[in-house]
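S.K.: Mapping of the sequence shown onto our numbering: residues 15 to 338, in sequence order.
Could you have a look at this structure, given as structure tokens, before my questions?
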Amino acid sequence: MIAPLSSAAIEMHDLSKVFDRRVKAGRFRRVNERHEAVQAISLTVPRAEIVGYIGPNGAGKSTTIKMLTGILQPSSGTALVAGLVPLEERVKLARRIGVVFGQRSNLWWDLPLADSFDLLRHVYRVPSVDHARTLAWLTELFDLGGFLASPVRALSLGQRMRGELTSALLHNPEIVFLDEPTVGLDVVSKHAVREALRTIHREQGVTVVLTTHDLADVEELCPRLVIIDHGRLIHDGPTADLKVRFGGERTLVVDLVEAREPLIVAGATCTKVDGPRQWLQFAPVISAASVLAAVAGQADVRDLTVQEPAIEDIVRRIYQGART
Ligand SMILES: Nc1ncnc2c1ncn2[C@@H]1O[C@H](COP(=O)(O)OP(=O)(O)OP(=O)(O)O)[C@@H](O)[C@H]1O
Ligand SMILES: [Mg+2]
Numbered sequence: 015m016i017a018p019l020s021s022a023a024i025e026m027h028d029l030s031k032v033f034d035r036r037v038k039a040g041r042f043r044r045v046n047e048r049h050e051a052v053q054a055i056s057l058t059v060p061r062a063e064i065v066g067y068i069g070p071n072g073a074g075k076s077t078t079i080k081m082l083t084g085i086l087q088p089s090s091g092t093a094l095v096a097g098l099v100p101l102e103e104r105v106k107l108a109r110r111i112g113v114v115f116g117q118r119s120n121l122w123w124d125l126p127l128a129d130s131f132d133l134l135r136h137v138y139r140v141p142s143v144d145h146a147r148t149l150a151w152l153t154e155l156f157d158l159g160g161f162l163a164s165p166v167r168a169l170s171l172g173q174r175m176r177g178e179l180t181s182a183l184l185h186n187p188e189i190v191f192l193d194e195p196t197v198g199l200d201v202v203s204k205h206a207v208r209e210a211l212r213t214i215h216r217e218q219g220v221t222v223v224l225t226t227h228d229l230a231d232v233e234e235l236c237p238r239l240v241i242i243d244h245g246r247l248i249h250d251g252p253t254a255d256l257k258v259r260f261g262g263e264r265t266l267v268v269d270l271v272e273a274r275e276p277l278i279v280a281g282a283t284c285t286k287v288d289g290p291r292q293w294l295q296f297a298p299v300i301s302a303a304s305v306l307a308a309v310a311g312q313a314d315v316r317d318l319t320v321q322e323p324a325i326e327d328i329v330r331r332i333y334q335g336a337r338t
């Protein structure tokens, strides 16, 4: 047997996308403007890896995923996904990848979820025995039993997203692209989605490219993190390293029973006070539990949340780090 040319799941070489946009120039005039949404990105993703692909709004994440999934033609550079050229070999590729765009739906709005899955079985020509087996597994994994008979339009966002993920996985793809699969979900639904993705990765060895604005998704799921900004790759490395190098300071937000002066807690800095609410920032080496214990020793706590650093903060720190 001839060895495949590429054993990586995804290979990009100088991949770029330029959009021509009509922009206003004066009161009546409009001119064409070139916008380089993705600029010469080179990246290899080995099989069975989960990589976080993050960046601020407009960084070019969705555009990259659209080029990799055969929706958009690259302006220059090359991409190979599962050894295929995405747009040229789109039909072949479709059977080997799964795609979820959190902002769009793969499902038929008025049909019961189960009917959408049945239609997808025909689209992907999955033998019915295989389909039944995979669907049973995914139904359990995403806990879909209670709403398989409901039309998609009647589902909550969390339920729909579990349905979307199922729809992308039903044909047993080897690579999945998830563009903001947790957008808008509450904490419980996010947790359920992450747990399910972890199981799928562990049991099926699928390669996952995950785009998100929630750094907790990346921390919990992706050992490798790629960051892009203004279409350019600005960081690629282990997620754990990034935390050590660029901070990753978290903030404990506590609602106290009564307003009081800023709390003094070893290892944490009170950055803001708003009535009974206080913000305590702490370094990644310190646990939220220890900060909370120190707070609870000084005041009565009504409620709390832990805020992860924003992606924009990390990007800013990367630029600052590059300058020093
Ligand atoms: N079809 C298009 N025509 C013109 N410009 C586009 C088109 N699609 C995207 N862009 C522009 O390309 C840039 C990158 O967009 P993209 O959707 O890839 O960003 P993103 O990283 O996914 O952002 P977000 O986090 O907001 O989803 C943006 O400036 C966007 O306005
Ligand atoms: Mg996007």
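Here a beta-carbon is modelled for each residue, glycine too, at the ideal position from N, C-alpha and C.
Quick caveat: nothing in here was measured; it's all calculated off a predicted structure.
Does any heavy atom of ligand 2 sit closer than 6 Å to the C-beta of residue 76?
M.R.: The residue given as residue 76 occupies position 62 in the sequence shown. At least one heavy atom of ligand 2 is nearer than 6 Å to the Cβ of residue 76, so yes.
S.K.: Would residue 189 pass as a contact of residue 221 if the rule is Cβ separation under 7 Å?
M.R.: Taking the first residue of the sequence shown as position 1, residue 189 is located at position 175. Taking the first residue of the sequence shown as position 1, residue 221 is located at position 207. It is a contact, given that the beta carbons lie within the stated cut-off.
S.K.: Out of 186, 224, 234, which one is the CA nearest neighbour of residue 217?
M.R.: Indexing the sequence shown from 1 puts residue 217 at position 203. Of the candidates 186, 224, 234, the one whose C-alpha sits nearest the C-alpha of residue 217 is 186.
S.K.: At a cut-off of 6 Å, is residue 33 close to ligand 1 when judged by its beta-carbon and the heavy atoms of the ligand?
M.R.: Locating residue 33 in the sequence shown gives position 19, counting from the first residue. Yes, Cβ of residue 33 sits closer than 6 Å to a heavy atom of ligand 1.
S.K.: Could you give the distance in angstroms between the alpha-carbon of residue 332 and the alpha-carbon of residue 275?
M.R.: Taking the first residue of the sequence shown as position 1, residue 332 is located at position 318. Taking the first residue of the sequence shown as position 1, residue 275 is located at position 261. Roughly 34 Å separates the two Cα atoms.
S.K.: Could you tell me which whole alpha helix (DSSP H) segments of length 4 or greater appear in the stretch 101 to 174?
M.R.: 104 to 108, 127 to 137, 142 to 155
S.K.: Taking the beta carbon of residue 31 as the centre, do at least 16 other beta carbons fall within 10 Å, making it buried, or is it exposed?
M.R.: In the sequence shown, the residue the question calls residue 31 occupies position 17. With 16 or more other Cβ atoms within 10 Å, it is buried.
S.K.: For my contact list, residue 13 and residue 264 are in at a C-beta cut-off of 8 Å; report their separation, rounded to the angstrom.
M.R.: Here the chain has residues from 15 to 338 only, and residue 13 is not among them.
S.K.: State yes or no: is the C-beta of residue 54 nearer than 6 Å to some heavy atom of ligand 1?
M.R.: In the sequence shown, residue 54 corresponds to position 40, counting from 1. Every heavy atom of ligand 1 is 6 Å or more from the Cβ of residue 54, so no.
S.K.: How many Å lie between residue 54 and residue 39 at the Cα?
M.R.: Taking the sequence shown and counting its residues from 1, the one referred to as residue 54 is at position 40. Taking the sequence shown and counting its residues from 1, the one referred to as residue 39 is at position 25. If you take the alpha carbons of residue 54 and residue 39, they lie about 29 Å apart.
S.K.: Report buried or exposed for residue 87, applying the criterion of at least 16 other Cβ atoms within 10 angstroms of its Cβ.
M.R.: The residue you call residue 87 lines up with position 73 of the sequence shown. Residue 87 should be labelled exposed.
S.K.: Could you tell me the alpha carbon to alpha carbon distance between residue 58 and residue 279, rounded to whole angstroms?
M.R.: Residue mapping note: residue 58 aligns to position 44 of the sequence shown, counting from 1. Residue mapping note: residue 279 aligns to position 265 of the sequence shown, counting from 1. Between the alpha carbons of residue 58 and residue 279 lies a distance of about 44 Å.
S.K.: Of the residues 301, 60, 34, which one's Cα is nearest the Cα of residue 50?
M.R.: Counted from its first residue, the sequence shown places residue 50 at position 36. Closest option to residue 50, Cα to Cα, is 34.
S.K.: Sort 52, 183, 70 by Cα distance to residue 330 and report the nearest one.
M.R.: Residue numbering aside, residue 330 sits at position 316 when the sequence shown is read from its first letter. For residue 330, the nearest C-alpha among the options comes from 70.
S.K.: Is residue 211 buried or exposed, if buried means 16 or more other CB atoms sit within 10 Å of its CB?
M.R.: Residue 211 sits at position 197 when you count from the first residue of the sequence shown. Label assigned to residue 211: buried.
S.K.: Going straight from the alpha carbon of residue 93 to that of residue 192, what length do you get?
M.R.: Here the question's residue 93 lines up with position 79 in the sequence shown. Here the question's residue 192 lines up with position 178 in the sequence shown. Each residue's alpha carbon lies about 18 Å from the other.
S.K.: Return yes when at least one heavy atom of ligand 1 lies under 6 Å from the C-beta of residue 71, else no.
M.R.: The residue you call residue 71 lines up with position 57 of the sequence shown. Result yes, Cβ under 6 Å from ligand 1.
S.K.: Less than 7 Å between the beta carbons of residue 156 and residue 174, yes or no?
M.R.: As a position in the sequence shown, residue 156 is number 142, starting the count at 1. As a position in the sequence shown, residue 174 is number 160, starting the count at 1. Contact: no.
S.K.: Put residue 78 into one of helix, strand or coil per three-state DSSP.
M.R.: As a first step, residue 78 must be located in the sequence shown, where it is residue number 64. Correct three-state label for residue 78: helix.
S.K.: What does the alpha-carbon distance come out to for the pair residue 16 and residue 335?
M.R.: Numbered from 1 along the sequence shown, position 2 holds the residue referred to as residue 16. Numbered from 1 along the sequence shown, position 321 holds the residue referred to as residue 335. With a pLDDT of 48 at residue 16, under the threshold of 50, the modelled position of this residue cannot be trusted, and the question is left open.
S.K.: Among residues of its own chain, excluding the 5 on either side of residue 8, which ones have a beta-carbon nearer than 6 Å to its beta-carbon?
M.R.: With the chain covering 15 to 338 only, the question about residue 8 has no answer from this structure.
S.K.: Which runs of the beta strand (DSSP E) fall wholly inside the stretch 244 to 322 and span at least 3 residues, in chain order?
M.R.: 246 to 252, 264 to 270, 282 to 288, 291 to 296, 315 to 321
S.K.: Which residue comes first and which comes last in the alpha helix (DSSP H) that contains residue 231?
M.R.: In the sequence shown, counting from the first residue as 1, residue 231 sits at position 217. 229 to 235 is the span of the alpha helix (DSSP H), which, as asked, contains residue 231.
S.K.: Taking 6 Å as the cut-off, is the C-beta of residue 51 nearer than that to any heavy atom in ligand 1?
M.R.: Along the sequence shown, one-based indexing puts residue 51 at 37. In this structure, the C-beta of residue 51 approaches ligand 1 to less than 6 Å from one of its heavy atoms.
S.K.: I'd like the list of long-range same chain contacts for residue 396, defined as Cβ closer than 7 Å, with 5 residues on each side in sequence excluded.
M.R.: It is not possible to answer for residue 396, since the shown part of the chain is limited to 15 through 338.
S.K.: Please work out which residues of its chain come closer than 6 Å, Cβ to Cβ, to residue 5, disregarding the five sequence neighbours upstream and downstream, and give them in chain order.
M.R.: Because the chain is modelled from 15 through 338, residue 5 falls outside the range shown and cannot be assessed.
S.K.: In three-state DSSP terms, what is residue 92?
M.R.: As a position in the sequence shown, residue 92 is number 78, starting the count at 1. Residue 92 falls in the strand class under three-state DSSP.
S.K.: Between which two residues does the alpha helix (DSSP H) carrying residue 211 extend?
M.R.: For the purposes of this step, residue 211 is identified with residue 197 of the sequence shown, where counting begins at 1. Taken as a continuous stretch (DSSP letters only), the alpha helix (DSSP H) holding residue 211 covers 201 to 218.
S.K.: Which two residues bound the contiguous beta strand (DSSP E) that contains residue 185?
M.R.: Locating residue 185 in the sequence shown gives position 171, where the first residue counts as 1. Premise fails: residue 185 is in no beta strand (DSSP E) and is neither H nor E.
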